[in-house]
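Scroll down for the structure; my scribbles are underneath it.
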């Protein structure tokens, strides 16, 4: 057999063997295929060789059960067979494939020599089997026989990987790291697996950052088989070193791409704990809600525990109790139940549910009598005894302890507890007084005292005592220096950050905007990764906008609106500020998109009256052709109108009138005349604006229903209105009604009467264009000219028509109506090419009145070509 034929046959064998044994890790797939190429089996007549070939062929076909029986038959019937060692090797491969490493080890121990399978392959398989049996020293001794330098890259990688695992099992982490690092540098089937194992070894060597970097490198190789495991492990290590944002990024990869993986549940828990540790309590609850249906019962129990802990940390203790109660139904006996019980007791205590708290502590004591948490729980009981009863009684008990003076061992705790009791019962003045006492009685170098000082600042802020809030936070920050430059006390970073943040909030309320900007700059300069970064971005945008630096405010406001960790109220306000800015600049697309983001974030009900009107107005033109946009526009208007009807204080009269008027227009455009009449009549009755416009449109609707005389009567007085736009519009609509009357009279074979009607229309239109030609009334005057030219032509006065069209072109030279007049004039003069050029310029006009006429003219010109 030629060398090339032998290589091709061996490669084909390698592929089939890997396919058959795909789930085996290394030796079963690689050992016999990546060493020296085995001799191919030739058809031979001996019973021994036929039996071996039969077993081998069955294994090639993936019929592993029959292959096992055939290899067993060969081993039993030919104990002195020429290929006994090879048969035992393949029998061990099949055992290993089934996870029966003990049986594989037994068979491998009987091999004396092989004819087809290289010795290195046998040792590699032995090494893997021994590793599975946790015989690490024996595995090392066997694997050391394999000369890695002589192996092909794939086999070399397999050998190094197994050596690395063996060294790790034997406790030699340095050697394990070296072997696995060499394996990870080779491109092979086990490269990613080696990186993961190397990361575990690096953690043992206290090299966690390097372990994370190694896992990142493994993820870059895009191995779907190991991606979930690597990402989850990287998340766990990032969490361990306090890099919570990085941890969330790794966990998120598992959540998005590997929902059926065993790593999914632990990754969800890792993400929840990361958000909790970072203080993103609201996000913990959102993530629980979005993943709870995908978690196992055990994982779900811990998930509810994290959510309960986050709710408690955010002082939402009722919610915490609900979540922790649910967690208790899911977790089994053990450390998790112990933690849940204690956390539940704490929240019950904070809520003043003392009876429930005692019951919970009793369960904790009964089930976990040696728990380290019992000491804290019993303190809760002691304090609860003092607070038992109503708030007044609880405060009295604590006051009794406080009145004994600071010699009482619970004095400071009692003062702090009473402050919290007052705060829980919304006695903010009393609570702030106790927080102040606690601070004054404590040591300023005690972080707990400083945190109480910040709590005092928060209460003074809620009580709108912004000057005190500013003074206290400034004093706290001044403790850092004995003078302007000499360092004194060192504040904990978290306390310093919160003090600076609360100082900025107070300065904003005191309208010290530049001071607030300076404070924010100092916060970000001293603590680039401070805990209030998302808030800082929002307030920077707010401050820049408030100080007139509107262009500079756009970027931080955009960023703030996209932060999921920022409270919805602030994200919405950021979008609202952007919306106002864009509307002022008449950037309607940007404004519409921004308001749509508010709707998406908080729902349509959160939109304010001016925003609802803006969105409806932007949709109004398109609503004539697009049913979906029409329904959306009506939904905005109906929401505003309904709010105004239910509570007049919620919606201004002007906004209500505008919404009703627009609704009437939309119904009118859709041919829903009765609905339009109702809306216009509502506007008139309301009397808060748009009532004259509504009277005109109501008359137009009346005319569309065929009541022409009534419509003309309703418009008569309006034609002499002092408001120019009302008079002009009334004249135009009256003329249009006379034109409809003329058309009807022609149909009724009354040409003289029809001509009289056109004369009435002519007089009205001439009155309009002569008295109200003002630019600010456009497009009414322009439409009047076009209508008048049309009437004059109907009255068989083509010269008069041409004069009027020329007048439009001269009076409004830059307008689309001027272009239309030129096109029409060119048509009348037989200059069809010019007419087509002018028509093409306004083919895409957004003016519905003009668009209809352009379409007709285009049709006529097309017919004449």
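In the working numbering, the protein residues as written are 289 to 1153.
For each residue, glycine too, the CB sits at the ideal point set by N, CA and C.
CA-to-CA distance, residue j to residue i, given in whole angstroms
{"i": "residue 499", "j": "residue 807", "result": "39 Å"}
{"i": "residue 350", "j": "residue 632", "result": "56 Å"}
{"i": "residue 324", "j": "residue 458", "result": "Here residue 324 scores only 37 on pLDDT, less than 50, and its place in the model should not be relied on; the value that follows carries that caveat. Between residue 324 and residue 458, the C-alpha separation is close to 30 Å."}
{"i": "residue 598", "j": "residue 512", "result": "33 Å"}
{"i": "residue 245", "j": "residue 939", "result": "No answer is possible for residue 245: the residues shown for the chain start at 289 and end at 1153."}
{"i": "residue 1109", "j": "residue 937", "result": "49 Å"}
{"i": "residue 642", "j": "residue 554", "result": "35 Å"}
{"i": "residue 794", "j": "residue 924", "result": "37 Å"}
{"i": "residue 763", "j": "residue 820", "result": "20 Å"}
{"i": "residue 815", "j": "residue 835", "result": "24 Å"}
{"i": "residue 333", "j": "residue 370", "result": "A caution first: residue 333 carries a pLDDT of 49, below 50, which makes its placement in the model too unreliable to give a value."}
{"i": "residue 705", "j": "residue 817", "result": "32 Å"}
{"i": "residue 720", "j": "residue 620", "result": "42 Å"}
{"i": "residue 612", "j": "residue 540", "result": "25 Å"}
{"i": "residue 644", "j": "residue 765", "result": "42 Å"}
{"i": "residue 1155", "j": "residue 566", "result": "Any answer about residue 1155 is impossible in this case: the structure gives the chain only from 289 up to 1153."}
{"i": "residue 796", "j": "residue 804", "result": "6 Å"}
{"i": "residue 1052", "j": "residue 1037", "result": "24 Å"}
{"i": "residue 1029", "j": "residue 896", "result": "44 Å"}
{"i": "residue 297", "j": "residue 582", "result": "Note that residue 297 scores 35 on pLDDT, short of 50, meaning its location in the model is unreliable and no value can be drawn from it."}
{"i": "residue 656", "j": "residue 648", "result": "12 Å"}
{"i": "residue 381", "j": "residue 494", "result": "37 Å"}
{"i": "residue 230", "j": "residue 954", "result": "There is no way to answer for residue 230, as the model of the chain reaches only from 289 to 1153."}
{"i": "residue 935", "j": "residue 941", "result": "11 Å"}
{"i": "residue 629", "j": "residue 595", "result": "14 Å"}
{"i": "residue 1009", "j": "residue 1020", "result": "13 Å"}
{"i": "residue 329", "j": "residue 335", "result": "Annotation note: pLDDT 48 at residue 329 (below 50); position unreliable, coordinate value reported separately. Whole-angstrom Cα-Cα distance: 14 Å."}
{"i": "residue 651", "j": "residue 607", "result": "21 Å"}
{"i": "residue 747", "j": "residue 717", "result": "8 Å"}
{"i": "residue 422", "j": "residue 390", "result": "11 Å"}
{"i": "residue 1152", "j": "residue 912", "result": "30 Å"}
Check whether residue i and residue j have beta carbons under 9 Å apart
{"i": "residue 1138", "j": "residue 1089", "result": "no"}
{"i": "residue 829", "j": "residue 845", "result": "yes"}
{"i": "residue 790", "j": "residue 825", "result": "no"}
{"i": "residue 461", "j": "residue 492", "result": "yes"}
{"i": "residue 756", "j": "residue 745", "result": "yes"}
{"i": "residue 405", "j": "residue 374", "result": "yes"}
{"i": "residue 452", "j": "residue 417", "result": "no"}
{"i": "residue 624", "j": "residue 590", "result": "yes"}
{"i": "residue 943", "j": "residue 904", "result": "no"}
{"i": "residue 588", "j": "residue 575", "result": "no"}
{"i": "residue 1025", "j": "residue 1000", "result": "yes"}
{"i": "residue 831", "j": "residue 854", "result": "no"}
{"i": "residue 1018", "j": "residue 1007", "result": "yes"}
{"i": "residue 1111", "j": "residue 1126", "result": "yes"}
{"i": "residue 738", "j": "residue 686", "result": "no"}
{"i": "residue 409", "j": "residue 419", "result": "no"}
Cβ distance (whole Å) where residue i is taken to contact residue j below 8 Å
{"i": "residue 593", "j": "residue 627", "result": "7 Å"}
{"i": "residue 1046", "j": "residue 1027", "result": "7 Å"}
{"i": "residue 1099", "j": "residue 1067", "result": "No, residue 1099 and residue 1067 are not in contact; Cβ-Cβ is about 12 Å, not under 8 Å."}
{"i": "residue 535", "j": "residue 569", "result": "Between residue 569 and residue 535 the Cβ distance is about 16 Å, and since that is not below 8 Å, they are no contact."}
{"i": "residue 465", "j": "residue 439", "result": "No, residue 465 and residue 439 are not in contact; Cβ-Cβ is about 21 Å, not under 8 Å."}
{"i": "residue 1079", "j": "residue 1050", "result": "5 Å"}
Nearest candidate by alpha-carbon position, reference residue i, set the options
{"i": "residue 963", "options": "973, 971 and 952", "result": "952"}
{"i": "residue 986", "options": "956, 1008 and 1012", "result": "956"}
{"i": "residue 722", "options": "733, 732, 709 and 731", "result": "709"}
{"i": "residue 353", "options": "894, 414 and 385", "result": "385"}
{"i": "residue 429", "options": "415, 729 and 421", "result": "415"}
{"i": "residue 1113", "options": "519, 1101, 1092 and 585", "result": "1092"}
{"i": "residue 544", "options": "516, 565 and 524", "result": "516"}
{"i": "residue 454", "options": "988, 412, 494 and 440", "result": "412"}
{"i": "residue 562", "options": "726, 530, 1019 and 548", "result": "530"}
| Three-pair Cβ contact test at 8 Å for the stretch 481-496 versus the stretch 436-450 | Yes, the stretch 481-496 touches the stretch 436-450.
| query | Between the stretch 1032-1045 and the stretch 1065-1077, are three or more C-beta pairs nearer than 8 Å? | reply | With a cut-off of 8 Å, the stretch 1065-1077 and the stretch 1032-1045 do not count as touching, because too few Cβ pairs lie within range.
| field | Validate contact between the stretch 431-438 and the stretch 389-406 using beta carbons, cut 8 Å, 3 pairs | value | Contact fails: fewer than three Cβ-Cβ distances are below 8 Å.
| request: Mind the definition here: the stretch 974-984 touches the stretch 1006-1013 only if three or more C-beta pairs lie below 8 Å; say whether that holds. | output: These segments touch.
| message | Quick check: the stretch 883-896 against the stretch 855-865, are at least 3 beta-carbon pairs closer than 8 Å? | response | Below 8 Å, enough C-beta pairs join the stretch 855-865 and the stretch 883-896 to call them touching: three or more.
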